[in-house]
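Just so we're aligned, residue 200 is where the sequence shown starts under this note's numbering, counting upward by one. Reviewing the structure listed below.
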Amino acid sequence: MRDAPETDELLPPDRTLMGPGPSNVHPRVLRSMATPLVGYLDDYYVEVMNDLQELMRYVFQTDNEYTFAVSGTGTAGMETAFSNLLEPGETVLVPSNGYFGERMGAVAERAGADVVSVDAPWGEPLDPADVERAVETEDPSVVGVVHGETSTGVKQPHIDTIADIVHDNDGYLVVDTVASLVGNEFHTDEWGVDVVYTGSQKCLSAPPGVAPITFSDRAAEKVKRREEPVRSWYLDLTGVWEYWGDERNYHHTGPASTNYALREAMRMVAGEGIENVWDRHRRVAGAIKAGVEAMGAPLHVAEDYWLPTLNPVEVPDGVDDGAVIERMMDDHGIEIVGGLGALEGDIFRVGCMGNSARPENAMQFVSAFGSVLAAEGADVDPEAGVAATSRVLGE
Ligand SMILES: Cc1ncc(COP(=O)(O)O)c(C=O)c1O
């Protein structure tokens, strides 16, 4: 017999989550998770699923029928997109300008696809002209693009132009919006995107564990025409759709509490109005941006493709980024993180997502960050930073 381990009741510390996600969850959303469970095909749960689908169509700005929440985190959404759309031997074009674009390639390779890339340096978006050239030479059936690249803080502009390029070649465009949807303007139907997925724990501010996804009819038709079954049983759209579609048959047990939370989080977005939510992210992140720039720690991204939900702040000369991140957490309870891959050691990644994208968080962050940088020996002006943030918030 093994002895029962001794553990304490959960009492997590109170953090201000301003990293690349998760973001802070609103009490209303937390409360929804403490409501009673029902069975996965209970009439009540089916109604919850219906509400979820309508709310997801709203946040994606789509009329797509095939809209549902994958039971898994954002990566499960990514895997659902590529493993359904791609058959072995097909070519997929993915971006090389960030960590999550590269992950798309790794996921597509497991689906048996030939992976080719369209290149841009980390810290810059793809140029549609490069996408066009790559589509002409490689003839991919599927093209993946990351709308908000969390590793660099770059927003990919011209999604509609890229969709036209892909469609002119009879291909399908998949867009990752895990770190951008709801925090940035996005129009699935208007821009002509075939498959879009996101995560629950970033700008939606629900707990991690479910990944909203939407397939256009045209994309779903491609999946139905497959010659070989999808290699993942769990993520196969045709199976999952037996649960989320009209049939409502058992496929797997829906994660009820997480979906309750997602529903409540999206109700909050709907209540505020998605255009207002986009504006709030831009305004609060704009105050952070103004603050760090005024103190002397600018963003490592050009204004044209700044991603308000993830701000890449340059590490000032002579400063140990790890020490700053640790002090922010230990002294101020604020989570920020460092750079990844090609930008490791060069940037701090400061998130401004969902319920964390609030004016008081911007003030709290900029004031703590300035004092921590100064204490770590950076040549910065913390007071100028706070003044700039407060000015932008007051405008
Ligand atoms: C742009 C992007 N795509 C995909 C993912 C993967 O999501 P998850 O960690 O929820 O599986 C992330 C997570 O940070 C992300 O930022």
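For glycine and all other residues, C-beta sits at the position ideal for the given N, C-alpha and C. Since we're looking at a predicted model, the values are computed, not measured.
Please identify the residue among the options whose C-alpha is closest to the C-alpha of residue i.
i, options, result
"R424", "E286, P294 and V377", "E286"
"D388", "G398, G382 and A418", "A418"
"G553", "V373, V409 and A378", "A378"
"M217", "V536, L403 and T588", "V536"
"V468", "H225, A310, M494 and Q563", "H225"
"M303", "T274, A319, P327 and P320", "T274"
"V409", "V237, L209, L236 and G271", "G271"
"R595", "E384, T261 and A328", "Residue 595 lies beyond the range of the chain shown here (200 to 594); nothing can be said about it."
"E308", "P327, D329, P320 and V341", "V341"
"M465", "I533, N223 and M255", "M255"
"G544", "E513, F568 and P558", "E513"
"S231", "N458, L436, E253 and N223", "N458"
"G352", "E559, Q563 and R548", "R548"
"M527", "I546, P558 and Q563", "Q563"
So the alpha helix (DSSP H) residue i belongs to, where does it begin and stop?
i, result
"L436", "L436 to W443"
"V483", "I473 to M494"
"A586", "P581 to G593"
"T336", "P327 to E337"
"A275", "G273 to L284"
Less than 7 Å between the beta carbons of residue i and residue j, yes or no?
i, j, result
"V293", "G343", "yes"
"G220", "K401", "yes"
"A573", "V579", "yes"
"N283", "V429", "yes"
"G187", "P339", "Only positions 200 to 594 of the chain appear in the structure, and residue 187 is not among them; the question remains open."
"E331", "I364", "yes"
"Y433", "I412", "no"
"G540", "Y243", "no"
"A405", "A460", "yes"
"V315", "L325", "no"
"A496", "P515", "yes"
"V565", "G490", "yes"
"P581", "S589", "no"
"R447", "V245", "yes"
"L229", "R462", "no"
"V518", "A583", "no"
"A556", "V483", "yes"
"L506", "G347", "yes"
"V258", "E278", "no"
"A310", "F267", "no"
"G322", "A362", "no"
"V345", "A312", "no"
"L509", "G538", "no"
"E441", "H451", "no"
"I487", "A561", "yes"
"Y265", "G453", "no"
"A567", "I533", "yes"
"H357", "P327", "yes"
According to DSSP, which residues form a beta bridge with residue i?
i, result
"F547", "V512 and G537"
"P294", "V317"
"Y265", "F414"
"K354", "G347"
"L372", "V342"
"W505", "V353"
"L461", "In DSSP, L461 forms no bridge with anything."
"L380", "N383"
"L216", "E534"
"S270", "V409"
"L498", "V512"
Could you spell out the range, first to last residue, of the beta strand (DSSP E) harbouring residue i?
i, result
"V394", "V394 to Y396"
For ligand 1, list every residue whose C-beta falls under 5 Å from any of its heavy atoms, going in chain order.
-> T272, G273, T274, F299, T349, D375, V377, A378 and G398
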